[in-house]
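Protein sequence lines, in the order shown, are assigned to chains A and B.
Each step along the first sequence adds one to the number in this note's numbering, with nothing skipped, and position 119 is 119.
In this note's numbering, each number is its position in the second sequence, counted from 1, plus 1000.
Built from N, CA and C at the ideal position, the CB exists for glycine as well.
Note that the structure is a prediction, hence the values are computed from the model and not measured.
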Amino acid sequence: MQFALLIYESPEAFASRKSDGTDPYTGAWRAYHKALVESGVFVGGDPLEVPETGTTIKIKEGKRGVQDGPYADTKEQLGGFTILELPSLDAALEWAARCPAASSGAVEVRPLAPQTKLRITG
Amino acid sequence: MSGRDEEKVHRTVERVARESYGRLVAYLSVHTHDLAGAEDALSEALLKALTGWPRDGVPQNPEAWLLTTARHSLIDFFRHQRVALASEPDLLLLTQNSAEATLETNFPDERLKLLFVCAHPAIDPAMHTPLMLQTVLGLDADRIAGAFLVSPKTMGQRLVRAKTKIRDGGIRFEVPEQRQLPQRLDAVLEAIYAAFGIGWDDMAGVDQRGRDLTEEAIWLARVLLQLMPNVAEVCGLLALMLHCEARRAARRARDGRYVPLSEQDPKLWSHPLIEEAERHLGEASKYGSPGRFQLEAAIQSVHAERGHSGRIEWTAIVQFYEQLNRISPTIGRRTGYAAALAEANGAERGLAILDAIDQDSVSAYQPYWAVRAHLLQLLGKGSEAQHAYDRAIVLAEDPAVREFLLQKRG
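This is the structure we're talking about:
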């Protein structure tokens, strides 16, 4: 089955994106990504731009409510996602624990919902 | 059919339900991961048994009958759902199993996997015990809610949430691999012990909030021992609970007064239970891997020894506590250690242990204050003792314990 790792990053982690790529956090990510691909579990995923670039939209009583910034105002923010093909939650948790963001931020593991997808895509 | 026969059928259904519930739920859910679905199918089958058996007679193998009937309603359910594509593998598995089970009435026991699922680290630890009580023993949410002091509605919702996670979250029904086994088994043991009731491990015996689930916990431990017969800590857990259970009748005087462990009349202890506990503890020691439950059982075993020798070997208890505290020094164990050390080497030594515990962590821990009060009283520190007694009395939940402490305070 497929799992999404939702990567929540600290402000410091987001700040590291401005570096030239030699910082330890980015280095750790490079190694992690290589391990995922070499193990044959990587399905897809991408980093997201910094939270400040987010815009949240909510339709309330037919009116479009637009808010500058991400949906939830918390210290750690969604910074990216990775989709993995793995046999069990335990296996997904193992990979999530190795994720660089798990030490500085948090990683939420969620199974993808193929049945729900089927209802939408037909 | 006479009323008497009908009652007999009722009793048979109840007995089969009690003995086979967990086996049936585990077997019905092991491939679908759908505990709620398996439970619904089983309760439908039990209902059919209650109406059908008085008419047609009790089948030769009631368990197999229930399994076949429950499986049919599960297959019907999947067919009705018609989420065709996604459910097809499940349906296939169910019908495959169906063929297996008609061939052999002796279906595999999958309860061990179920126990590990209930205590999976991805499930809220507070729900490990309720899940086991419901899926392995068939207790309803109302009964479980009563024991956990939450409303039936809340408990029901939490159970539904946990089962949804088990069904859709990717938790596998399997016995963990060797590498993870010790840690995962600990969670199962902890969950069973939590059902037994908290506070049994305290030395002063002033925190005995039984939670009315002791029998169920012992049942679960017996199931686990049957499934994992060669694991020391499983034997240890059962031994610990049996030792405590053996003293049930001695914990209250005839007038309802609370009787602390060291003053209990050993004649009131259940000797068959003590003998059984000793047997399991002896078995555990053969494996040469001591652990938390064996040590706690060993402490209870020393107390039980008073039944023969008339005295308590406090130095032995002190040693067991020292080993326990090396594993992990919880507040309860440090408090128990202080009480034992005071008995063995004098109240001053015990008090020093209590003084070393961080005060914030014990502000609401009743046994700490009860032991502290007792030791201060022994040392003639009247006003400090009074203060500690007051705290212990306020924190006591059991009226009989409160009364006991009020008397001691004077």
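- Task: State the CB to CB distance for the pair T1327/B and A1338/B, rounded to an integer number of angstroms; the pair is presumed to be in contact (CB under 8 Å).
- Result: The residue you asked about is not Thr; residue 1327/B is Ile in the sequence shown. Contact annotation, I1327/B with A1338/B: C-beta distance approximately 17 Å; criterion of less than 8 Å not satisfied.
- Item | Local Cβ density within 10 Å of R1209/B, reported as buried at 16 or more and exposed below that | Caution is warranted here: a pLDDT of 41 is assigned to R1209/B, below 50, making its placement in the model unreliable, and the coordinate value is therefore given only provisionally. Result: exposed.
- Item | Neighbouring residues, chain D, relative to R1172/B (Cβ below 8 Å) | Absence of chain D from the displayed structure is noted, the protein chains being A and B.
- Item | Distance, S1029/B Cα to L5/A Cα | 27 Å
- Taking 8 Å as the CB-CB limit, is G1146/B close to chain A? no
- Task: Find the residues of chain A that neighbour G1169/B, judging by a C-beta separation of less than 7 Å, and give them in chain order.
- Result: L89 and P111
- Message: Quick check on the DSSP output: the beta strand (DSSP E) that includes T1330/B runs from which residue to which?
- Response: Run containing T1330/B: none; DSSP gives neither H nor E here.
- Which of the residues in the stretch 1361-1380 of chain B, read from start to end, lie with their CB under 9 Å from any CB of chain A? In summary, no residue of the stretch 1361-1380 of chain B has a CB separated from any CB of chain A by less than 9 Å.
- Short CB-CB distance (under 8 Å) between L93/A and chain B: yes
- Quick one: any contact between the stretch 1212-1230 of chain B and the stretch 1371-1383 of chain B, if contact means 3 or more CB pairs under 8 Å? no
- Message: Can you tell me whether P1399/B is buried or exposed? The criterion is at least 16 other CB atoms within 10 Å of its CB, across all chains shown.
- Response: So P1399/B ends up on the exposed side.
- According to the Cβ coordinates, are L1159/B and Q1134/B closer than 8 Å? yes
- Message: Run through chain B and tell me which residues come within less than 9 Å of F3/A, C-beta to C-beta.
- Response: G1170
- Item | Contact with chain A by A1036/B, beta-carbon distance below 8 Å | no
- Query: Considering only residues of the same chain and omitting the five flanking positions on each side of P1054/B, which have a CB-CB separation below 8 Å?
  - Reply: M1001, D1005, E1006 and V1009, listed in sequence order.
- Item | Neighbour list for A1122/B in chain A, Cβ cutoff strictly below 9 Å | L89, D90, L93 and V109
- Task: State buried or exposed for I1329/B, treating a residue as buried only when at least 16 other CB atoms are found within 10 Å of its CB.
- Result: Checking the sequence, you will find Pro at residue 1329/B rather than Ile. Counting Cβ neighbours within 10 Å, P1329/B comes out exposed, since fewer than 16 surround it.
- Message: Looking only at its chain, what residues have a beta carbon closer than 6 Å to the beta carbon of F14/A, apart from the 5 residues adjacent to it on each side?
- Response: Within the same chain, F14/A has close Cβ partners V50.
- Item | Residues of its chain near T26/A, where Cβ-Cβ distance is below 8 Å and the 5 sequence neighbours each way are ignored | So the qualifying residues of the chain are S16, R17 and S19.
- Can G44/A and I83/A be called in contact, C-beta distance under 8 Å? yes
- Message: Once the 5 residues before and after K1282/B are set aside, which same chain residues still bring their CB inside 8 Å of it?
- Response: Reading off the sequence, residue 1282/B comes out as Gly, not Lys. Excluding residues within five positions, none has a Cβ falling inside 8 Å.
- Where V1394/B falls, given that 16 or more other Cβ within 10 Å makes a residue buried: exposed
- Taking DSSP as the reference, what is the three-state secondary structure of Q67/A? In the structure shown, Q67/A sits in a strand (DSSP, three-state: E or B).
- Message: Along the chain, where does the beta strand (DSSP E) containing I1357/B start, and where does it finish?
- Response: No beta strand (DSSP E) contains I1357/B, which DSSP labels as neither H nor E.
- Message: Does the beta-carbon of L1213/B, which I'm using as the reference point, lie nearer than 7 Å to any heavy atom of the ligand PLP?
- Response: Because no ligand of any kind appears in the structure shown, any question about the ligand PLP cannot be addressed here.
- E1384/B - DSSP class collapsed to helix/strand/coil: helix
- Message: Applying the 10 Å Cβ sphere with the 16-neighbour rule, what's the burial state of S1361/B?
- Response: exposed
- Proximal residues to G40/A (C-beta, below 6 Å), its chain only, five neighbours per side dropped: none
- Message: A1297/B and H1243/B - do their beta-carbons sit closer together than 8 Å?
- Response: yes
- Item | N- and C-terminal bounds of the alpha helix (DSSP H) containing G1236/B | A1232 to E1245
- Query: What does D46/A pair with, by DSSP beta-bridge criteria?
  - Reply: F81/A
- Work out the CA separation of M1155/B and P1176/B for me, nearest whole Å. 28 Å
- Measuring alpha carbon to alpha carbon, tell me which of E1384/B, G1382/B, S1383/B and R1333/B ends up nearest Y1365/B. R1333/B
- S1309/B to E1397/B, Cα distance in whole Å? 33 Å
- When you compare only the Cα positions, how much space is there between N1325/B and G21/A? Whole-angstrom Cα-Cα distance: 47 Å.
- Mapping DSSP to helix, strand and coil, what is V1173/B? Before going further, note that residue 1173/B is Phe rather than Val in the sequence given. Coil, per DSSP.
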